[in-house]
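Comments concern the structure below.
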Amino acid sequence: MKHAVTYELIHKDKYTGARRGVLHTPHGDVQTPVFMPVGTQATVKAMKPEDVAALGHEGAGIILSNTYHLYLRPGHELVRMAGGLHSFMNWNRAILTDSGGFQVFSLGDLRKITEEGVSFRSYIDGSRHMFTPEKSIEVQNALGADIIMAFDECAPPDSDYKYIKESQARTSRWLRRCKEAHKRPEDQALFGIMQGGFFKDLRQQSADEIVALDLPGYAIGGISVGEPKEKYVGVLDYAVDMLPSDRPRYVMGIGTPDYILEAVEHGVDMFDCVEPTRLARHGMAMTSRGRINIDNAKYFDDFSPVDPECDCYCCRNYSKAYIRHLFKQKSPEILGSMLLAEHNLYFLVRLAEKMRRAIEEDRFMEFKKEFLDSYGSK
RNA sequence: GUGGGUGUCGUCAAGCGGUUAAGACCCUGGGUUGUGGCUCCAGUAUACGAGAGUUCGAAUCUCUCCACCCACC
1 MKHAVTYELI HKDKYTGARR GVLHTPHGDV QTPVFMPVGT QATVKAMKPE
51 DVAALGHEGA GIILSNTYHL YLRPGHELVR MAGGLHSFMN WNRAILTDSG
101 GFQVFSLGDL RKITEEGVSF RSYIDGSRHM FTPEKSIEVQ NALGADIIMA
151 FDECAPPDSD YKYIKESQAR TSRWLRRCKE AHKRPEDQAL FGIMQGGFFK
201 DLRQQSADEI VALDLPGYAI GGISVGEPKE KYVGVLDYAV DMLPSDRPRY
251 VMGIGTPDYI LEAVEHGVDM FDCVEPTRLA RHGMAMTSRG RINIDNAKYF
301 DDFSPVDPEC DCYCCRNYSK AYIRHLFKQK SPEILGSMLL AEHNLYFLVR
351 LAEKMRRAIE EDRFMEFKKE FLDSYGSK
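Okay, here's the thing in structure tokens:
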């Protein structure tokens with residue numbers, strides 16, 4: 001059967017694992033490596049869809065949204081009635097929905113995991129709910145994203161071998177149930193998620209089990225969850241090559257340039273993160289010279305742009321002093337968040353574009369070094 | 001001028017004889033990784049209007065003065 005989403009390799013960097021490709025989806029082609037802005041509540045916070053589509057020089061081709069949140073509110077049936085997520089939120093390019101697996105991890109104290117699935121309490125009103133692989137897929141089928149994610153368990157980074165082994169095996173069993181429950185394989189691609197913590201044999205075990213299902217794409221989960229960078233890179237060193245090279249590879253939840261560059265160097269094609277939009281709402285900007293806090297007193301009368309090397313709407317038209325002023329209000333002015341959100345997203349979308357150029361020209365390593373020398377590691 | 005009231009960090013404000021003189025805001029810095037939270041964490045202050053008394057001990061009680069506020073002349 002032909003998958004709803006296919007990966008086409010265009011060029012592989014001569015000196016690293018980095019690769020340049022295209023993701024063909026029901027809602028258009030997506031150039032990879034790609035950064036996917038996150039729009040949890042069916043909106044990339046502080047951004048109009050048309051502005052998301054215009055990010056960078058080539059635009060953002062795919063965004064991420066969230067099963068768990070949309071299930072709780074407004075409810076996936078409402079989205080289905082609206083004609084699906086694309087229509088509901090006025091975004092006609094590709095969408096990927098996360099399965100709710102991460103919330104199982106991040107909202108830890110509100111849930112209970114069993115073989116059947118995860119029971120949890122709503123963070124909104126405390127009501128009880130049960131997420132199973134079948135339920136997650138049912139909701140994602142209703143939402144109608146181009147790529148839907150397997151319902152997995154993202155175990156905490158400090159879990160021991162025994163727990164990770166059980167968790168990984170369960171995630172594989174859940175994946176088989178997800179595939180079984182999937183009702184729209186013709187226009188929605190189900191991606192599997194590799195788990196296995198920081199143990200090579202469990203990663204291999206996971207890879208073997210999920211790759212056997214011949215899915216259109218695979219994610220590496222359970223990393224970038226607070227572990228030291230060496231452990232993160234350590235997993236990339238062996239995990240990426242355990243996945244098939246004719247399918248897209250996705251590392252979930254990475255948003256700092258050094259983590260992103262590291263992943264792409266290892267052959268990762270897709271990544272997402274709330275970092276740029278969340279940082280923006282807290283007055284932080286990612287710039288070619290590192291991260292800055294617009295709140296800092298030294299920007300009081302600094303009339304230069306957030307990033308002198310950036311050509312985004314924010315940097316072309318506004319000064320740090322002005323944006324700081326917007327953030328300094330008792331109730332921060334909304335425009336401040338809008339400007340920094342657009343800037344930070346633009347920054348990462350541009351980073352992906354620059355990486356694509358670098359790979360095409362077999363100079364990924366030089367690009368990476370140059371970029372990080374200027375940016376630093378935060 | 002007469003009567004009344006009020007004076008504690010930049011601001012608001014606890015305290016009412018024994019405290020390292022709360023707290024909040026502001027200010028300063030930091031955090032944020034498959035987004036519950038315009039949020040969380042941390043830090044800075046020679047603040048008791050001035051002077052004189054009472055007392056072992058005064059921001060707390062007394063007196064004088066000063067400043068401001070409100071009434072009335």
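Here this note's numbering is used: position 139 in the first sequence is 139, and no number is missing along the way. All C-beta atoms in this analysis are idealised placements derived from N, C-alpha and C, irrespective of residue type, glycine included. Here the structure is a predicted model, which is why all the values come from computation and not from measurement.
- For the region 254 to 286, the continuous alpha helix (DSSP H) assignments of 4+ residues that do not extend past its boundaries occur at 257 to 265 and 275 to 281, in sequence order.
- Counting C-beta atoms within 10 angstroms of its own C-beta, Arg316 has fewer than 16 neighbours from the protein chains shown and is therefore classed as exposed.
- Under the three-state reduction of DSSP, Lys162 is assigned to helix.
- In the three-state reduction of the DSSP assignment, Phe35 falls in the strand class, which pools E and B.
- A check of alpha carbon separations from Arg289 across Leu326, Glu370 and Arg324 identifies Glu370 as the nearest.
- Nearest C-alpha to Arg278 among Asn293, Gly267 and Glu265: Asn293.
- Taking 8 Å as the upper bound for CB-CB distance, Ala145 and Gln103 are not in contact here, some 16 Å apart.
- Contact between Tyr161 and Phe131 does not hold, since their C-beta atoms are separated by about 26 Å, which reaches or exceeds 8 Å.
- Residue range Ile62 to Asn66 is occupied by the beta strand (DSSP E) that includes Ile63, with no alpha helix (DSSP H) assigned at that position.
- When C-beta atoms of the region 193 to 212 are compared with those of the region 163 to 180, three or more pairs fall below 8 Å, so the two segments count as touching.
- Sorting Lys298, Phe271, Glu265 and Leu335 by C-alpha distance to the C-alpha of Ala280 places Leu335 at the top.
- Positions of the alpha helix (DSSP H) runs, each at least 4 residues long and wholly inside the region 140 to 190, are given as 161 to 181 in order along the chain.
- Residue ranges of uninterrupted beta strand (DSSP E) with 3 or more members, entirely inside the region 35 to 119 and ordered along the chain, are 62 to 66, 94 to 98 and 111 to 113.
- Under the DSSP assignment, Met338 falls in the alpha helix (DSSP H) whose first and last residues are Ile334 to Glu360.
- Counting only residues of its own chain and dropping the five nearest sequence neighbours on each side, Lys45 has a CB closer than 6 Å to the CB of Thr277.
- Taking Met47 as reference, the option from Val22, Asn90, Arg80 and His57 with the minimal CA-CA separation is Asn90.
- DSSP, read as helix, strand or coil, puts Gly222 in coil.
- Judged by DSSP in its simplified three-state form, Ile294 adopts coil rather than helix or strand.
- With contacts defined as CB atoms closer than 7 Å, Ser224 and Ile254 qualify as a contacting pair.
- Nearest Cα to Asp295 within the set His266, Asp269, His325 and Cys312: His325.
- The continuous beta strand (DSSP E) containing Arg249 extends over residues Arg249 to Val251.
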